[in-house]
DNA sequence: GTAATAGTGTCTATCAGACATTATAAC
DNA sequence: GTTATAATGTCTGATAGACACTATTAC
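Protein chains in written order, with the numbering used here: chain A, 1 to 219; chain B, 220 to 438.
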């Protein structure tokens, strides 16, 4: 028996199967000085419901490209590098039909969201218990869990800070991600081996100026 | 404006979009006394190629159900509880067309694979570098990484052993998953608080009989 | 008896956590 | 000078890792 690339092993062609629509939904997080971790939400034009930005996958499109497109179209945000979290596959989860949704996460400097639309986007605390459609609350929880694990022990892997920063700035970013205060001495001692001092000093601060560091390239 | 549940925000209906086929592929792992972690492979009837068992998602089907169906049909194995790993989404990854594949992992006692088909299934070491289609090597690597993280510090969470076992049996199972020897004293001391002694003893062994334990219910 | 494995005791090096001290800026 | 923050030093309690010793079986 020769292989027919357009048939699977049961002999059916691909189009013999009904196929699901595939969507992407993305939790875009950033830090807010007062509120800590906040998540980007967009208002749907049809029913006014706030939700995570998402879209249907277009023909032949990569998931990451669909995420980028949805963020550009619905929030006017670009340049992100989303990572997959989970596929939500309950056939009844979307009233519009059979829709699989691949949840994604990314976190960016808040300035990267400066271009976002005014009236149709907002930033809400990641822990807020307000109304969201479908599985979006679960997505946010998974996104936060993912980031907390990712940030443990590594100096700001997603560049929430610029290339140079003081250890205080680094610790405050990590505390916002972790959602709890971190021990000052221990934080410095675990991070410093992974940093390179620049020699330059911070200025305009209250007490003794702090040294500026940059991330040590892994390896 | 009222919401139309059968249109998305751009006004297209769901059927206006081309949809991908969605497949599942599963790395089913078990322990082999000699070879350590081994993975279940099936031979495709059309071209004789060995690969991870997989199938296309049927209309309205859950991913976990498709995994269960593929394992029953292609390997005569059932009763598994697969977990998602990753979606492979390269539009050109499958020569038969546009196919997204959701990779899954599970690990079971080897007796659970006792019913598997003779000529069309085999167990191969998870680290073997033999030829596999598509992204199946990546799936196995992710599966092993997932299980190693899952087994760290917890006594056999996926019940590779029965309800009762000695600490030696437990350590050997963990060593096979970890792919390296584990320290005897430390292993006992971290595991024992998570175990309940049954009072019964192992018998028929070489040296002093070992006490049998069962897992302590979490909490 | 010997060999083999189970289980326990103890020492050490490491490290998270806490606290104290010194250094250097703004005011 | 005082106040605030940075940076460093030191102590302590917990624990991974190593080793030794005792206990109990098969042979």
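Note that CB positions come from ideal geometry on N, CA and C, so glycine has one too.
None of these values were measured; they are calculated from a predicted model.
query                                                                                                                                                                     : result
Do three or more CB pairs link the region 141 to 149 of chain A to the region 190 to 199 of chain A at distances below 8 Å?                                               : no
My guess is that residue 87/A and residue 282/B are in contact by the Cβ rule of under 8 Å, so how many angstroms apart are they, rounded?                                : 6 Å
What does the alpha-carbon distance come out to for the pair residue 345/B and residue 434/B?                                                                             : 27 Å
Cβ of residue 308/B less than 7 Å from any chain A Cβ?                                                                                                                    : yes
With 7 Å as the threshold, decide whether the Cβ of residue 216/A is near any Cβ in chain B.                                                                              : no
Taking only the alpha-carbon atoms, compute the straight-line gap between residue 418/B and residue 424/B and give it to the nearest angstrom.                            : 17 Å
Quick one: list the residues of chain A neighbouring residue 278/B, beta-carbon separation under 9 Å, in chain order.                                                     : 17, 18, 19, 20, 91 and 98
Under 8 Å by Cβ, that's how I've got residue 432/B and residue 371/B pegged, so tell me the actual separation to the nearest angstrom.                                    : In fact, because the Cβ distance is near 19 Å, the residues do not count as touching under 8 Å.
Would you please state the rounded distance, in angstroms, between the beta carbons of residue 366/B and residue 290/B? I believe it to be under 8 Å.                     : With 8 Å as the limit, residue 366/B and residue 290/B do not qualify as a contact, their Cβ atoms being about 17 Å apart.
Give the single residue among 407/B, 405/B, 394/B and 386/B whose Cα lies nearest to the Cα of residue 420/B.                                                             : 386/B
Counting only Cβ pairs nearer than 8 Å, list the residues of chain B close to residue 142/A.                                                                              : Going along chain B, no residue has its Cβ under 8 Å from residue 142/A, so there is no contact; the nearest lies around 11 Å.
Which one of 353/B, 292/B, 261/B and 337/B has the shortest CA to CA distance from residue 314/B?                                                                         : 353/B
Could you compute how far the alpha carbon of residue 67/A sits from the alpha carbon of residue 56/A?                                                                    : 9 Å
Which residues in the same chain have their Cβ closer than 8 Å to the Cβ of residue 157/A, if we skip the five residues on either side of it in sequence?                 : 150 and 151
Looking only at DSSP bridge pairs, what is residue 197/A linked to?                                                                                                       : 213/A
Looking at the unbroken alpha helix (DSSP H) that takes in residue 396/B, where does it start and where does it end?                                                      : 386 to 397
Is there a Cβ of chain B sitting closer than 7 Å to that of residue 63/A, yes or no?                                                                                      : yes
On the DSSP bridge list, what partners appear for residue 107/A?                                                                                                          : 29/A
Where does the unbroken alpha helix (DSSP H) through residue 223/A begin, and where does it stop?                                                                         : One cannot answer for residue 223/A here, as it falls past the ends of chain A, which runs 1 to 219.
Taking DSSP as the reference, what is the three-state secondary structure of residue 19/A?                                                                                : coil
By the 7 Å beta-carbon criterion, what residues does the region 192 to 206 of chain A contribute toward chain B?                                                          : none
From the DSSP output, in three-state form, read off residue 290/B for me.                                                                                                 : helix
Here's the rule I'm using: 16 or more other beta-carbon atoms within 10 Å means buried, otherwise exposed. How should residue 21/A be labelled?                           : buried
What does residue 102/A reach in chain B if we use C-beta pairs closer than 7 Å?                                                                                          : 306
Buried or exposed: which applies to residue 111/A, given that a residue is buried once 16 or more other Cβ atoms fall within 10 Å of its Cβ?                              : exposed
Determine whether the beta carbon atoms of residue 392/B and residue 324/B lie at a separation below 7 Å.                                                                 : no
Run through the region 73 to 98 of chain A for me and flag every whole beta strand (DSSP E) of 3 or more residues, listed as ranges in chain order.                       : 83 to 88
Keeping to the same chain, check which residues put their C-beta closer than 7 Å to that of residue 175/A; ignore five residues upstream and five downstream.             : 181 and 182
Going along the chain, which residues of its own chain have a beta-carbon closer than 8 Å to the beta-carbon of residue 116/A, five neighbours each way excluded?         : 40, 75, 76 and 77
Contact defined as beta carbons within less than 8 Å: I believe residue 238/B pairs with residue 69/A. What is the distance between those atoms, to the nearest angstrom? : Residue 238/B to residue 69/A, Cβ: 17 Å. No contact.
Taking a contact to mean a Cβ-Cβ separation below 7 Å, would you say residue 515/B touches residue 257/B in this structure?                                               : No information on residue 515/B is available, as it lies outside the stretch 220 to 438 that chain B covers here.
Please state whether DSSP places residue 283/A in a helix, a strand or coil.                                                                                              : Any answer about residue 283/A is impossible in this case: the structure gives chain A only from 1 up to 219.
Counting only the same chain and skipping the five closest in sequence on each side, list residues whose C-beta sits under 8 Å from that of residue 203/A.                : 209
Helix, strand or coil: how does DSSP classify residue 409/B here?                                                                                                         : helix
For residue 32/A, which of 73/A, 98/A, 80/A and 107/A has the nearest alpha-carbon?                                                                                       : 107/A
Check each candidate in 254/B, 255/B, 309/B and 318/B and name the one with the smallest Cα separation from residue 273/B.                                                : 318/B
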